Amino acid sequence: MVVQPKTKGFLCITSHPKGCAANVDAQIKYVENKGPISGSCKSVLVIGASTGYGLASRIVSAFGCGASTVGVFFERPGDSARERTASAGWYNTLEFTAKAREKGLYAENINGDAFSDAVKQSAIEAIKKSPSGKVDLIVYSVASPRRTDPKTGEVYKSVLKTVGEPRTEKSLDTDNAKVVEITVPAATEKEISDTVKTMGGEDWELWIDALDKAGVIAEGAATLSYSYIGPKLTYPIYRSGTIGKAKEDLERAAERIDAKMKMHRGKAFVSINKALVTQASAAIPVVPLYTSILYKVMKEKGIHEGCIEQIYRLFSDQLYNGNCLDFDENGLVRIDNFEQREDVQKAVFDIWPRVTTENLNELTDFAGFKSEFMKLFGFGIEGVDYSEDVQI
Ligand code: NAD
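Numbering (the working numbering), first residue to last: 147 to 538.
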């Protein structure tokens, strides 16, 4: 089948198998060129392993550290009869698994709902079959709009709203390339608690409890999860909004998990990462306009990074540099330090009030934003023949 992009709002409903494979190959090549990370992990569980920061974590673990990996994700296979491509994460994982196994590395995949007890048990079985039978790094990188509570069966949905007052702010209508004003409504108490239940730290804790009970956490193991802070301008929508409340809960969970990991002489922490175009972040109001300006500024300064550069730096400079982790005053690891640099933020907010639909392409890197977005689904990649028939 010839696969072309079909976008719907902040979603692309088709993915290109060869384009996704090329994306994964480029990330593997980046890591291999940077070289091995010594004294690092040997057996890794990544929860949310098929796209974005989780995929980058799995690639750095396998190709930078030489680790066995078990990847957990929720992806859709292709359906030739109905001419439906698989989701991008499915093709990414196919390529990752082939390349890892070619290198002689153990790589197992669990496709299912990470929030369920059954998937946790399947992951434990896969870890037990791995060469060491244990894990020394657990990365929790799930971004999901809903969660079914494994105990009660109740379904919770996350919302992207403010807490307190509604907020009117500049935003980007990415479909029509227009700078618009949007009003983000205030969430109800139930919407806030449902978002915390979905994207907060509870499930990360349940994973650690299940792994601990099964005896598969190695001595000295680490576990980490990802969060975002961003600039003050997006606080009402992100950091102080519903998603920020969930992230605060995740950061608090890290403290409780850290106490549990200490029983294994291990540790738990949250890393604050840079704003990047991923399937999850493209859906957040206001953030795509900020990201388009940020990309322009950071590219001009020669300090732009994608997921793979961020995670390689996290592993090599922080997690496995032989020293202690470099925490900020709130106990968070910061790999958003280039984004938060004063000169970067000043340049972004010099542009912010001036940007309009007419000067969007001149003042921002909207072109880069769009091409990164299409790349997530394997489109617009050099060397891929998009007129060719491919197996979906
Ligand atoms: P993403 O959408 O690229 O990846 C999400 C992953 O979660 C995928 O592997 C998906 O299959 C998996 N997933 C979703 N629901 C699942 C379920 N029910 N069961 C199993 N797997 C499931 O997202 P991302 O942007 O890489 O986000 C990962 C983490 O990084 C999030 O915690 C996010 O808040 C954080 N983060 C993102 C940014 C950013 O700008 N993108 C910045 C800082 C921190």
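Each residue gets a CB set at the ideal place from its N, CA and C atoms; glycine is no exception.
Computed from a prediction, not measured in an experiment: that's the story for all the values here.
Asked, Found
"From the DSSP output, in three-state form, read off F220 for me.", "coil"
"Hey, would you say G529 sits closer than 9 angstroms to A168, going by beta carbons?", "yes"
"Taking the continuous beta strand (DSSP E) assigned at K303, which residues delimit it?", "V301 to K303"
"For the ligand NAD, I want to know if V423 counts as a neighbour, meaning its beta carbon is within less than 8 angstroms of at least one of the ligand's heavy atoms.", "yes"
"Does any C-beta atom of chain B lie closer than 9 angstroms to the C-beta of V206?", "No chain B is present in this structure, which holds just one protein chain."
"If you run the structure through DSSP and keep just helix, strand and coil, what is N238?", "helix"
"Give the secondary structure of D511 by DSSP, where H, G and I count as helix, E and B as strand, and everything else as coil.", "coil"
"Alpha carbon to alpha carbon, how far is S533 from A227? Give it in angstroms, no decimals.", "20 angstroms"
"Return the bridge partner residues of C158 from the DSSP annotation.", "T153"
"Let me check one thing: in DSSP terms, what residues is Y436 bridge-paired to?", "For Y436, which the question treats as bridged, DSSP gives no partner whatsoever."
"What are the boundary residues of the beta strand (DSSP E) that R459 is part of?", "Element bounds for R459: not the beta strand (DSSP E) but the alpha helix (DSSP H), C453 to R459."
"Give me, in chain order, the residues of the same chain whose beta-carbon lies closer than 6 angstroms to that of G258; leave out the 5 immediate sequence neighbours on both sides.", "V265"
"Pop quiz: V177 and V206 are said to be a contact at Cβ under 8 angstroms. What is the actual Cβ separation, rounded to whole angstroms?", "6 angstroms"
"Pair every Cβ in the stretch 410–420 with every Cβ in the stretch 476–492, then say whether three or more of these pairs are closer than 8 angstroms.", "yes"
"Spatial neighbours of V326 within its chain, please: CB distance less than 6 angstroms, with the 5 preceding and 5 following residues excluded, ordered by chain position.", "S317 and D319"
"Does DSSP classify S339 as helix, strand or coil?", "helix"
"Let me confirm a value: Q425 is counted as buried when at least 16 other C-beta atoms fall within 10 Å, else exposed. Which label applies?", "buried"
"At what residue ranges does the stretch 325–393 contain a whole run of the alpha helix (DSSP H), taking only runs of 4 or more?", "335–345 and 348–359"
"Let me know if L465 comes out buried or exposed under the rule of 16 or more other beta-carbons within 10 Å of its beta-carbon.", "buried"
"Measure the C-alpha to C-alpha separation of T314 and S304 and round it to an integer number of angstroms.", "20 angstroms"
"Among F525, K516, G524 and I538, which has the Cα closest to the Cα of N322?", "K516"
"Sorted by chain position, which residues of the same chain lie with C-beta nearer than 8 angstroms to F523's C-beta, five sequence neighbours on each side aside?", "P151, C158, T160, S161, H162, G165, C166 and A234"
"Quick check: what's the CA-CA separation for P431 versus R385?", "13 angstroms"
"Taking only heavy atoms of the ligand NAD into account, decide whether any of them is closer than 8 angstroms to the Cβ of I193.", "yes"
"Can you tell me the Cα-Cα spacing of Y302 and F525, whole angstroms?", "33 angstroms"
"Grouping DSSP H, G and I as helix and E and B as strand, with all else coil, what is S317?", "strand"
"Here's the rule: buried if 16 or more other CB atoms are within 10 angstroms of the residue's CB, otherwise exposed. What is Q456?", "buried"
"Please determine if the stretch 324–340 and the stretch 264–283 are in contact, where contact requires at least 3 C-beta pairs separated by less than 8 angstroms.", "no"
"Does the Cβ of T369 lie closer than 8 angstroms to at least one heavy atom of the ligand NAD?", "no"
"As an exercise, report each continuous beta strand (DSSP E) stretch of at least 3 residues that is fully enclosed by the stretch 273–307, in chain order.", "281–286, 292–294 and 301–303"
"Are the beta-carbon atoms of I403 and M345 separated by less than 9 angstroms?", "no"
"State yes or no: is the C-beta of R230 nearer than 8 angstroms to some heavy atom of the ligand NAD?", "no"
"Would you mind sorting P223 into buried or exposed? The rule is 16 or more other CB atoms within 10 Å of its CB.", "exposed"
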